[in-house]
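Peer 1:
Protein chains: 4
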Amino acid sequence: MKTKAKRPAGKGSQQQKRAEQRAARREVILAAALDEFAERGFAGARLDDVARRAGVAKGTIYLYFRDKEELFQELVRSALGPFVAAIEGALSHDLPLRVVCDRLASSFAREVLGTRRKDIIRLVLTEGRRFPKVAKFYYHEVPERAFAAVRALVKRGVARGEIADDKLAKFPQLIIAPALVAILWDGLFSRFEPLDTEALLRAHFDLLFKAAERRAA
Amino acid sequence: MKTKAKRPAGKGSQQQKRAEQRAARREVILAAALDEFAERGFAGARLDDVARRAGVAKGTIYLYFRDKEELFQELVRSALGPFVAAIEGALSHDLPLRVVCDRLASSFAREVLGTRRKDIIRLVLTEGRRFPKVAKFYYHEVPERAFAAVRALVKRGVARGEIADDKLAKFPQLIIAPALVAILWDGLFSRFEPLDTEALLRAHFDLLFKAAERRAA
Amino acid sequence: MKTKAKRPAGKGSQQQKRAEQRAARREVILAAALDEFAERGFAGARLDDVARRAGVAKGTIYLYFRDKEELFQELVRSALGPFVAAIEGALSHDLPLRVVCDRLASSFAREVLGTRRKDIIRLVLTEGRRFPKVAKFYYHEVPERAFAAVRALVKRGVARGEIADDKLAKFPQLIIAPALVAILWDGLFSRFEPLDTEALLRAHFDLLFKAAERRAA
Amino acid sequence: MKTKAKRPAGKGSQQQKRAEQRAARREVILAAALDEFAERGFAGARLDDVARRAGVAKGTIYLYFRDKEELFQELVRSALGPFVAAIEGALSHDLPLRVVCDRLASSFAREVLGTRRKDIIRLVLTEGRRFPKVAKFYYHEVPERAFAAVRALVKRGVARGEIADDKLAKFPQLIIAPALVAILWDGLFSRFEPLDTEALLRAHFDLLFKAAERRAA
DNA sequence: CATGAATGAGAATTCATTCAT
DNA sequence: CATGAATGAATTCTCATTCAT
Numbered sequence: 263m264k265t266k267a268k269r270p271a272g273k274g275s276q277q278q279k280r281a282e283q284r285a286a287r288r289e290v291i292l293a294a295a296l297d298e299f300a301e302r303g304f305a306g307a308r309l310d311d312v313a314r315r316a317g318v319a320k321g322t323i324y325l326y327f328r329d330k331e332e333l334f335q336e337l338v339r340s341a342l343g344p345f346v347a348a349i350e351g352a353l354s355h356d357l358p359l360r361v362v363c364d365r366l367a368s369s370f371a372r373e374v375l376g377t378r379r380k381d382i383i384r385l386v387l388t389e390g391r392r393f394p395k396v397a398k399f400y401y402h403e404v405p406e407r408a409f410a411a412v413r414a415l416v417k418r419g420v421a422r423g424e425i426a427d428d429k430l431a432k433f434p435q436l437i438i439a440p441a442l443v444a445i446l447w448d449g450l451f452s453r454f455e456p457l458d459t460e461a462l463l464r465a466h467f468d469l470l471f472k473a474a475e476r477r478a479a
Numbered sequence: 263m264k265t266k267a268k269r270p271a272g273k274g275s276q277q278q279k280r281a282e283q284r285a286a287r288r289e290v291i292l293a294a295a296l297d298e299f300a301e302r303g304f305a306g307a308r309l310d311d312v313a314r315r316a317g318v319a320k321g322t323i324y325l326y327f328r329d330k331e332e333l334f335q336e337l338v339r340s341a342l343g344p345f346v347a348a349i350e351g352a353l354s355h356d357l358p359l360r361v362v363c364d365r366l367a368s369s370f371a372r373e374v375l376g377t378r379r380k381d382i383i384r385l386v387l388t389e390g391r392r393f394p395k396v397a398k399f400y401y402h403e404v405p406e407r408a409f410a411a412v413r414a415l416v417k418r419g420v421a422r423g424e425i426a427d428d429k430l431a432k433f434p435q436l437i438i439a440p441a442l443v444a445i446l447w448d449g450l451f452s453r454f455e456p457l458d459t460e461a462l463l464r465a466h467f468d469l470l471f472k473a474a475e476r477r478a479a
Numbered sequence: 263m264k265t266k267a268k269r270p271a272g273k274g275s276q277q278q279k280r281a282e283q284r285a286a287r288r289e290v291i292l293a294a295a296l297d298e299f300a301e302r303g304f305a306g307a308r309l310d311d312v313a314r315r316a317g318v319a320k321g322t323i324y325l326y327f328r329d330k331e332e333l334f335q336e337l338v339r340s341a342l343g344p345f346v347a348a349i350e351g352a353l354s355h356d357l358p359l360r361v362v363c364d365r366l367a368s369s370f371a372r373e374v375l376g377t378r379r380k381d382i383i384r385l386v387l388t389e390g391r392r393f394p395k396v397a398k399f400y401y402h403e404v405p406e407r408a409f410a411a412v413r414a415l416v417k418r419g420v421a422r423g424e425i426a427d428d429k430l431a432k433f434p435q436l437i438i439a440p441a442l443v444a445i446l447w448d449g450l451f452s453r454f455e456p457l458d459t460e461a462l463l464r465a466h467f468d469l470l471f472k473a474a475e476r477r478a479a
Numbered sequence: 263m264k265t266k267a268k269r270p271a272g273k274g275s276q277q278q279k280r281a282e283q284r285a286a287r288r289e290v291i292l293a294a295a296l297d298e299f300a301e302r303g304f305a306g307a308r309l310d311d312v313a314r315r316a317g318v319a320k321g322t323i324y325l326y327f328r329d330k331e332e333l334f335q336e337l338v339r340s341a342l343g344p345f346v347a348a349i350e351g352a353l354s355h356d357l358p359l360r361v362v363c364d365r366l367a368s369s370f371a372r373e374v375l376g377t378r379r380k381d382i383i384r385l386v387l388t389e390g391r392r393f394p395k396v397a398k399f400y401y402h403e404v405p406e407r408a409f410a411a412v413r414a415l416v417k418r419g420v421a422r423g424e425i426a427d428d429k430l431a432k433f434p435q436l437i438i439a440p441a442l443v444a445i446l447w448d449g450l451f452s453r454f455e456p457l458d459t460e461a462l463l464r465a466h467f468d469l470l471f472k473a474a475e476r477r478a479a
C-alpha cells in the first residue's frame, strides 16, 4: 500500500494500476459504509467509523464521494445493477411461469437475503423517503424494470393459459410483497419470532398459482 | 373547553381540569412530533421544530417526556391501542371469511392509510431497528395480537370449508404484506407511479380467495 | 398546614401566627437549601430539589428569597450569628488562655463539626470566591470578629505571662488553621484516611502552648 | 518552533513534530482551562470560553479530552507531579529539620503561591468533593506522599533531638494547615485584609520549633 | 493522493425564573 | 400566599466537512 512501485511498467499499465487501486479503494469504502449505514441508519452512521472500518483516513472518503449523501447514493447505485439483470434474465428462458417464480424465489433468497443486498434494500425502504434522489434512482432501477419484466412474464403466462387473469400484471407488487415483508421482519421482529423466508415465499407462490391453475383447469 | 368557569368548580373539578389540560397538551406535542418524525425521521427531527409546531416552548416537551426517545416510544404507543382492537373485533362477528377480509381491507384503508396511523406504522418499519424497545412493544401490540386473530379467522374459515388450506394460518404475513408494501410505496414511489391501495388489496384478496374457493369447490 | 384557622383569634394574634408561619417556612427552605448546597455545591444544587426537600412548591422559594444567590447568602447569614457570639463570649470569662482554647476546641467540635454549621463554613470556603457579597459578609461576621476576640485573648495571655510572644495575635489564622483543614479533610479525604479532629486540635494546642509555656517558664 | 523546515526532516522527525504540537496544544488548553476554572469554578466555567482563551475551536477541546470532567482531572493531574517531587527531595538532604522547613516554606511560596499551582490546589479543595476521582488521585499523589515524607523528616528530627515529640508525625496536617489557609484566604479575604503568607509560615514554624527547641533543651 | 487535526454549526437537555390560576 | 406548569437562555457535546502538511 505504501510501496511506490516506481519505474518499470509502461505508462498505460501504470495508469491502469492506479485506476484499479482507486476502484478497489472505492469498493472498500462502500463496503464499510454499507456496514455502518445498515447498522445505524444514514443519520446515525458516522463517517469517522466508516473510515476506520475501511482502513482509510476520514478525509479520504471525500476524495471519492462529494459528501455523505453521495456516499449513500453510490452505495445504493453500486449494488443494484447486477441485481435486476438477474430478474430480466429470467424472461429470456422459455420456462413455465411457476418454474420461473420458483427460480426467482430461490435466487432472491440466495442473492439478496443471503447477502448484504438485503441491507441495501432495507436502507432504501427505511431512508429513501428523505433522499428523493435515491428513491428516484432506485425506482427506475429496480421496481420499474423488475415490474416491466414481471408484467411480460405474467402476460406470457396468461397467453399460455398457465395463469387465469392478469391481476398480477396490474399489481406486480403482489408478487414481491412477501419478500419485502421478509426483509423488514428480519430486521425488526426475528428476535421474537423467526421467519422462514423460503417457506414463506413458497407458500406465497403456492397460493397464487393454485388459484391460477384451478382457474385455468 | 375554553370556558373559564371560575368560582363554582370545586377542588375536584379544578384538578380534573388540570389533568385534562395536561392530557390535551400531551396530545398536541405527540401530534407535532408525529408530523416531524414522519417528515424527517427520528434522527432528523428537531425537538425545536416539534415544539414550535406544537406551539409550546422547547422545555415544555421535557415536562411530558423524558427525552426524544421516550417521545418517539410514546408516539407509537399512543396510536396503537385502538388499532388492533378493530382487528380483533372482526372476529366476533360470524361472517364469511371473505367478507371479513373485505371489511378489514376497507377499514385498513380508512383507519390507517387515510390517517396519521400509516405514518406511525411507517416509522416503526423504518426506525424500529434502532429502537429495540419500540420494536418489541410494537411486535407484542400489533403483529402478535393481529396474527393470533388472523389465525383464528383462517382456521374457522378452513373448518367451514370457505378456504382450502391453512398456509395463511402459518404465514399471516401473506395477508398483510400488500398493505405494508402500500404504505412504503406511498412514501417512496407514489410520485413516480401512484398506487391504488384499495384496488391492490382487493386484487390481493381476489387472488387468495379464488384459490381457496376453487380448491374448496 | 391546610387548615384555614378561620374565625377565633384576634387580629394581632392572627398576624403573629402568620409571621411565625412565615418564619418557620423560611427556616424549612433554608434547611433544605443547606442540604442541597452542601451536597452539590451552589451551581449543582437545583431549586427544584430544594423545594421538594422543603415540601413546598418551587415558586414558593421566590416568595421568600429574591433568587438563588440570595438564598445562598441568607443561608450563610442565618447560620453565623450564634456562632461568633460563642467565641466572643469566651473572652468574658476570666480563665487561663489554655483553658479558653480547650473550651473553644471542644465547643468547635460540638457546635460546628458536629452540626450543619461545618457545611456552611465549607460552603463559604468553596463557593465564597464567586460570591463576593457572601465573602464580605462572612469576613466581617466571622474572621474579623473572631480574630479581634482572639487578639484580645492572646494579648491578655501575654500580659499575664501565660504565653511568650504575640505571634498568635498577629496571625490568629494560626490558631484556627487546623480546624479549617479538618473541615476540608472531612469532605475530601476521610474516605481514604479518617481524621480524629479533636485529637488534631488538642495536639495543635499542645504544641502552641508547650512553646509558650516553656518560653514563659 | 514556527520554522517550517519542510523538506529535510524524515518521517520520524515529522511524527515527532506532530507529537510536540499535540503536546503543546494540550498545554495551551490546560492553561486556559485553569484560568477559567480558577475564576469561575468547575460548573461555572464554559468550555466555550476555555476554547476562546486557548485560541482553538470548541470542538478541538474534545480531541484532547473526553469531556469537561476529564479536562478538570487532567488539569489537576498535570500540575502535581513536579510538586511533590520537591517535597520528597527535601528529605534527601541531611539538614536540620528547621532548615528543611524553612526551605519548604520558601519553596512553597515560590513554587505554589507564586504560580498557578495555588489555583490548582484551591480547585481541589473547593471542587474535589464533587469529583471523587480527583480527590482520590490528589490524595494519593499529594497528601499521602507528602505526609509520608514529613513523617520521616519529623522522626529523624526527634531521633536527633531537634524536636521534642512526634505529634507532628501523627498529624502532619498541623504543619501544612497554615499554607492551605493562606491559599483560601488569598482567594476569599485578601481584599479586606491582605495576608503576608511568608511571614505567616515563618511565624508558624517559629512557634512549632520554639516549642520543640525548648523541650529538647 | 492521503492524512487526520481542526473547525464550528447544530442539537439535546437543563434549570432558574415567571406567572396564571 | 401558594402552586407548579411553562418558558427559553444557556451549555455541553457531536460530527460532517475542510485544509495544511
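These protein sequence lines map, in sequence, to chains L, E, F and W. Here my numbering is used: the first sequence runs in plain steps of one and ends on residue 479. Here my numbering is used: the second sequence runs in plain steps of one and ends on residue 479. Here my numbering is used: the third sequence runs in plain steps of one and ends on residue 479. Here my numbering is used: the fourth sequence runs in plain steps of one and ends on residue 479. Think of the CB as a built atom: it goes at the ideal place given N, C-alpha and C, for glycine as much as any other residue.
So what's Glu-455/W in DSSP terms, helix, strand or just coil?
Peer 2: coil
Peer 1: Report the residues of the segment 381-403 of chain L with a CB closer than 9 angstroms to any CB of chain E, ordered along the chain.
Peer 2: Arg-384, Val-386, Leu-387, Thr-388, Glu-389, Gly-390, Arg-391, Arg-392, Pro-394, Ala-397, Lys-398, Tyr-400, Tyr-401 and His-402
Peer 1: Any contact of the segment 417-435 of chain F with the segment 332-351 of chain W, i.e. 3+ C-beta pairs under 8 angstroms?
Peer 2: no
Peer 1: Starting from Arg-418/F and walking both ways along the alpha helix (DSSP H), at which residues does that stretch end?
Peer 2: 405-421
Peer 1: CB-CB under 8 angstroms to Arg-407/L, same chain, minus the five flanking residues each way: which ones, in chain order?
Peer 2: Cβ neighbours of Arg-407/L beyond the five flanking positions: Val-346, Ile-349 and Glu-350.
Peer 1: When the distance is taken between beta carbons, is Leu-442/W closer than 8 angstroms to Val-420/F?
Peer 2: no
Peer 1: Are there 16 or more other CB atoms within 10 angstroms of the CB of Pro-456/W, so buried, or fewer, so exposed?
Peer 2: exposed
Peer 1: Against Pro-434/E, what residues of chain L qualify as contacts under a CB-to-CB distance less than 9 angstroms, listed in chain order?
Peer 2: Neighbours of Pro-434/E on chain L: none; closest Cβ ~11 angstroms, over 9 angstroms.
Peer 1: Report yes or no: is there a C-beta of chain W within less than 8 angstroms of the C-beta of Ala-439/F?
Peer 2: It does; some Cβ of chain W falls within 8 angstroms.
Peer 1: Can you tell me whether DSSP reads Val-318/W as helix, strand or coil?
Peer 2: coil
Peer 1: What residue does the alpha helix (DSSP H) around Glu-389/F start on, and which one ends it?
Peer 2: Following the DSSP letters along the chain, one finds Glu-389/F inside the alpha helix (DSSP H) bounded by residues 379-389.
Peer 1: Which residues, taken in chain order from the segment 309-336 of chain W, show a beta carbon closer than 7 angstroms to some beta carbon of chain F?
Peer 2: Within the segment 309-336 of chain W, no residue has a Cβ lying closer than 7 angstroms to any Cβ of chain F.
Peer 1: In or out: Phe-304/L buried (at least 16 other Cβ within 10 Å) or exposed?
Peer 2: buried
Peer 1: Sort Ile-382/E, Ala-461/E, Leu-463/E and Ala-414/E by Cα distance to Leu-292/E and report the nearest one.
Peer 2: Ile-382/E
Peer 1: State the Cα-Cα distance for the pair Val-318/W and Asp-329/W, rounded to the nearest angstrom.
Peer 2: 16 angstroms
Peer 1: Which of the three DSSP states is assigned to Asp-297/E in this structure?
Peer 2: helix
Peer 1: Take the Cβ of Phe-454/E as the centre, count every other Cβ of all protein chains shown within 10 Å, and call the residue buried at 16 or more, exposed below.
Peer 2: It counts as exposed.
Peer 1: Just the chain F side, please: which residues come within less than 8 angstroms of Leu-446/W by C-beta, in chain order?
Peer 2: Around Leu-446/W, the beta-carbon contacts reaching into chain F at under 8 angstroms are Leu-387 and Leu-442.
Peer 1: List the residues of chain F whose Cβ lies closer than 7 angstroms to the Cβ of Pro-224/W, in chain order.
Peer 2: The first residue shown for chain W is 263 and the last is 479, placing residue 224/W beyond what the model contains.
Peer 1: Which value, in whole angstroms, describes the spacing of the CA atoms of Asp-311/W and Gln-277/L?
Peer 2: 51 angstroms
Peer 1: Using beta carbons (cut-off 8 angstroms, strictly below), is Ala-305/W in contact with chain F?
Peer 2: Answer yes: the Cβ-Cβ gap between Ala-305/W and chain F drops below 8 angstroms somewhere.
Peer 1: Would you tell me roughly how many angstroms separate the C-alpha atoms of Ile-445/E and Phe-327/E, rounded to the nearest one?
Peer 2: 28 angstroms
Peer 1: So the alpha helix (DSSP H) Leu-442/L belongs to, where does it begin and stop?
Peer 2: 435-450
Peer 1: Is Lys-395/E buried or exposed, if buried means 16 or more other CB atoms sit within 10 Å of its CB?
Peer 2: exposed
Peer 1: Could you name the residues of the segment 363-378 of chain W whose beta carbon sits closer than 8 angstroms to any beta carbon of chain F, in the order they occur along the chain?
Peer 2: Those residues of the segment 363-378 of chain W that come within reach of chain F (Cβ to Cβ, closer than 8 angstroms) do not exist; the list is empty.
Peer 1: Give the interface partners of Leu-462/W over in chain F, defined as CB-CB distance under 8 angstroms, in chain order.
Peer 2: Phe-433, Gln-435 and Leu-436
Peer 1: Roughly how many whole angstroms lie between the Cα atoms of His-355/L and Arg-308/L?
Peer 2: Straight across, the Cα-Cα distance linking His-355/L with Arg-308/L is about 45 angstroms.
Peer 1: What does Arg-302/F reach in chain W if we use C-beta pairs closer than 8 angstroms?
Peer 2: Arg-392
Peer 1: Just to make sure I have the definition right: I need the residues of chain L whose C-beta is within less than 8 angstroms of the C-beta of Phe-454/E. Which are they?
Peer 2: Lys-398, Tyr-401, His-402 and Glu-406
Peer 1: Quick check on Phe-467/F: does DSSP put it in helix, strand or coil?
Peer 2: Phe-467/F: helix per DSSP, three-state reduction.
Peer 1: Taking Asp-448/W as the reference, which of Leu-333/W, Arg-378/W and Asp-468/W has the closest Cα?
Peer 2: Arg-378/W
Peer 1: What did DSSP end up calling His-402/L once you bin it into helix, strand or coil?
Peer 2: helix
Peer 1: Examine chain W for any beta-carbon lying closer than 8 angstroms to the beta-carbon of Ala-341/F, and answer yes or no.
Peer 2: no
Peer 1: If you draw a straight line from the alpha carbon of Leu-415/E to that of Glu-403/E, how long is it in whole angstroms?
Peer 2: 18 angstroms
Peer 1: Looking only at its chain, what residues have a beta carbon closer than 8 angstroms to the beta carbon of Lys-472/F, apart from the 5 residues adjacent to it on each side?
Peer 2: The answer is none, since no qualifying residue turns up.
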